[in-house]
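Asker: In the working numbering, the protein residues as written are 15 to 297.
Where is the CB? At the ideal position from N, CA and C, for every residue including glycine.
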Amino acid sequence: MSAVVMDGKELAKSLRVKMKDEVAALKEKGITPHLTVVLVGDDPASKSYVNGKKKASAEIGMESDVLELPDTITEKDLLDLIDKLNSDEKVHGILVQLPLPKQISEQKVIEAISPAKDVDGFHPINIGRMMTGQDAFLPCTPSGIIAMLNENNIEITGKHAVVVGRSNIVGKPVGQLLLNENATVTYCHSKTTDLKSYTTQADILVVAVGKPHSIGEAFVKPGAVVIDVGINRMENGKLTGDVDFDAVKEKVSYITPVPRGVGPMTIAMLLKNTIKAAKGLDL
Ligand code: GUN
Numbered sequence: 015m016s017a018v019v020m021d022g023k024e025l026a027k028s029l030r031v032k033m034k035d036e037v038a039a040l041k042e043k044g045i046t047p048h049l050t051v052v053l054v055g056d057d058p059a060s061k062s063y064v065n066g067k068k069k070a071s072a073e074i075g076m077e078s079d080v081l082e083l084p085d086t087i088t089e090k091d092l093l094d095l096i097d098k099l100n101s102d103e104k105v106h107g108i109l110v111q112l113p114l115p116k117q118i119s120e121q122k123v124i125e126a127i128s129p130a131k132d133v134d135g136f137h138p139i140n141i142g143r144m145m146t147g148q149d150a151f152l153p154c155t156p157s158g159i160i161a162m163l164n165e166n167n168i169e170i171t172g173k174h175a176v177v178v179g180r181s182n183i184v185g186k187p188v189g190q191l192l193l194n195e196n197a198t199v200t201y202c203h204s205k206t207t208d209l210k211s212y213t214t215q216a217d218i219l220v221v222a223v224g225k226p227h228s229i230g231e232a233f234v235k236p237g238a239v240v241i242d243v244g245i246n247r248m249e250n251g252k253l254t255g256d257v258d259f260d261a262v263k264e265k266v267s268y269i270t271p272v273p274r275g276v277g278p279m280t281i282a283m284l285l286k287n288t289i290k291a292a293k294g295l296d297l
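1. Can you give, in chain order, each stretch of the beta strand (DSSP E) that sits fully within the segment 18-83 and has at least 3 residues?
2. What residue ranges within the segment 151-214 form continuous beta strand (DSSP E) runs of no fewer than 3 residues, ordered along the chain?
3. Could you tell me whether the Cβ atoms of VAL133 and LEU49 are closer together than 8 Å?
4. With a cut-off of 8 Å on the beta carbons, I'd call LEU209 and ILE241 a contact; round off their distance for me.
5. List the endpoints of the continuous alpha helix (DSSP H) containing LEU99.
6. Contact check, ILE269 vs PHE259 under 8 Å by CB: the rounded distance?
7. Taking the continuous beta strand (DSSP E) assigned at ASP242, which residues delimit it?
8. Under 8 Å between the Cβ atoms of VAL234 and VAL272?
9. Quick one: what's GLY11 bridged to in DSSP?
10. Confirm the yes/no value for this check: CB of LEU112, any heavy atom of the ligand GUN, distance under 7 Å.
11. Pull up the distance between the alpha-carbon of ILE160 and that of LEU191, whole angstroms please.
12. By alpha-carbon positions, which one of MET145, ASP91, MET33, ASN100 ends up nearest to GLY75?
13. Is ALA150 buried or exposed, if buried means 16 or more other CB atoms sit within 10 Å of its CB?
14. Please confirm whether LYS67 and LEU253 have their CB atoms less than 8 Å apart.
15. With a threshold of 7 Å, establish whether the CB of ASP134 neighbours any heavy atom of the ligand GUN.
16. For MET162, count neighbouring Cβ atoms within 10 angstroms of its own Cβ and tell me buried if that reaches 16, exposed if not.
17. Please tell me whether, using a cut-off of 7 Å, the distance from the CB of ILE183 to the nearest non-hydrogen atom of the ligand GUN is below it.
18. Less than 8 Å between C-beta atoms, sequence neighbours within five positions excluded: which residues of the same chain meet that for VAL276?
19. For the ligand GUN, any of its heavy atoms closer than 7 Å to the Cβ of THR214?
20. Nearest to SER204 by alpha carbon, out of VAL51, VAL188, ILE139, VAL178?
21. Assign GLN148 to buried or exposed, taking buried as 16 or more other Cβ atoms, counted over all protein chains shown, within 10 Å of its Cβ.
22. Excluding five sequence neighbours on each side, which residues of the same chain lie with their C-beta closer than 7 Å to the C-beta of GLU73?
23. Taking the alpha-carbon of THR214 as reference, which of LYS104, CYS202, ASN164, LYS225 has the nearest alpha-carbon?
24. In its own chain, which residues sit with a C-beta less than 6 Å from the C-beta of GLY185, not counting the 5 before and 5 after it?
25. DSSP puts ARG247 in a beta bridge; with which residues?
26. I need the DSSP call for VAL105, collapsed to helix, strand or coil.
27. Considering only heavy atoms of the ligand GUN, does any lie closer than 7 Å to the CB of THR50?
28. In the structure shown, what three-state DSSP assignment does ILE269 receive?
29. Among GLU77, GLU24, THR88, which residue has its Cα nearest to the Cα of LYS41?
30. Thinking C-beta only, is LEU53 closer than 8 Å to GLN111?
Structure, rendered in structure tokens:
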């Protein structure tokens, strides 16, 4: 048996078609959704992600701008800029691309962004609202994963979901969203002993560790659904995930590829959050 390969690129494209109509309807009312991305320094991976966000915004008729700042910027100057963006009525969504240089506290920056403009869903208010099942800006990669499962009609209720990785951006929130969807959730991480004993129990396995080929064929249950969040650039310049795709796809029922998997869904969810911010979320 070979798995269904879930094509995030195609799915994100079809979501953008629907969002384009939503943006057009908002424009009729005089509201043009506007995303401001703040990019500090010149990390090539960050630049490439930011360009993807800008291109996708333009494609659906949204406005966006990218504020490029030197990596020598002080924390205070960055916080002052965020203050300005918070009170700029034209700006509906603010995204500060991470990671930030060492002299700047990422947590302080995240908490400085108005929760009503926090299209990344990283602010503690949005995280708390997500945890308590209230309306919130949901973090983009985790909500993209849920959208992918839903679009493929994959049942979540009652399933055992195992999340490998416990980052604030992906691992922790995706576990929470799966719990909100009635899965039974197990978290694994770098200190987990006998990882395989957990991953082989997973009906839905989400892998977000940032290490190529961490999950091989022996780590999955036959027929499982495997979501690979890793984006690792190899020495030959090619991108690869955290899962040994070729071996694992022969054993499972659904799998996401890298590239063309979760990555495009992350950007689609960012657009969705920006439209939601433009409509006005009461926070
Ligand atoms: N760096 C890597 N992923 C992300 C993300 O989803 N949002 C932001 N702001 N920075 C990132």
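Answerer: With the given structure in hand:
1. Entirely contained in the segment 18-83, the beta strand (DSSP E) runs reaching 3 residues are, in chain order, 48-54, 77-83.
2. Within the segment 151-214, the complete beta strand (DSSP E) runs of at least 3 residues are 174-178, 198-202.
3. A Cβ-Cβ contact shorter than 8 Å links VAL133 with LEU49.
4. With a Cβ gap of about 16 Å, LEU209 and ILE241 do not count as contacting.
5. From DSSP, the alpha helix (DSSP H) with LEU99 extends over 89-100.
6. About 7 Å; that satisfies the 8 Å criterion.
7. Bounds of the beta strand (DSSP E) holding ASP242 are 239-242.
8. In this structure, VAL272 does not lie closer than 8 Å to VAL234 by Cβ.
9. Nothing about residue 11 can be read from this structure; the chain reaches only from 15 to 297.
10. Distance from the C-beta of LEU112 to the nearest heavy atom of the ligand GUN is below 7 Å.
11. Rounded to the nearest angstrom, the two C-alpha atoms are 8 Å apart.
12. With respect to the C-alpha of GLY75, the residue from MET145, ASP91, MET33, ASN100 having the closest C-alpha is MET33.
13. The Cβ neighbour count for ALA150, taken over all protein chains shown within 10 Å, is at least 16; the residue is labelled buried.
14. No, the pair does not count as a contact, with Cβ atoms beyond the cut-off.
15. Placement of the Cβ of ASP134 at a distance of less than 7 Å from at least one heavy atom of the ligand GUN is found.
16. So MET162 counts as buried.
17. Within the cutoff, so yes.
18. Annotation for VAL276: GLY22, THR155, GLY158, ILE159, MET162, ILE241, ASP242, VAL243, THR270 place their beta carbon closer than 8 Å to its own, counting only its chain and skipping 5 residues before and after.
19. THR214: no, Cβ never under 7 Å from the ligand GUN.
20. The option with the nearest alpha carbon to SER204 is VAL178.
21. Label assigned to GLN148: exposed.
22. Here GLU73 has ARG30 as same chain residues with Cβ atoms under 7 Å from its own Cβ, once five neighbours each way along the sequence are excluded.
23. Of LYS104, CYS202, ASN164, LYS225, the residue nearest in Cα terms is CYS202.
24. Excluding the 5 residues flanking it on each side, GLY185 has same chain C-beta neighbours closer than 6 Å at VAL177, GLY179, ALA222, in chain order.
25. DSSP lists LEU253 as partners of ARG247.
26. In the structure shown, VAL105 sits in coil (DSSP, three-state: anything other than H, G, I, E or B).
27. No, the Cβ of THR50 stays beyond 7 Å of every heavy atom of the ligand GUN.
28. Three-state result, ILE269: strand.
29. When C-alpha distances from LYS41 are compared across GLU77, GLU24, THR88, the shortest belongs to GLU77.
30. In this structure, the beta-carbon distance from GLN111 to LEU53 falls below 8 Å.
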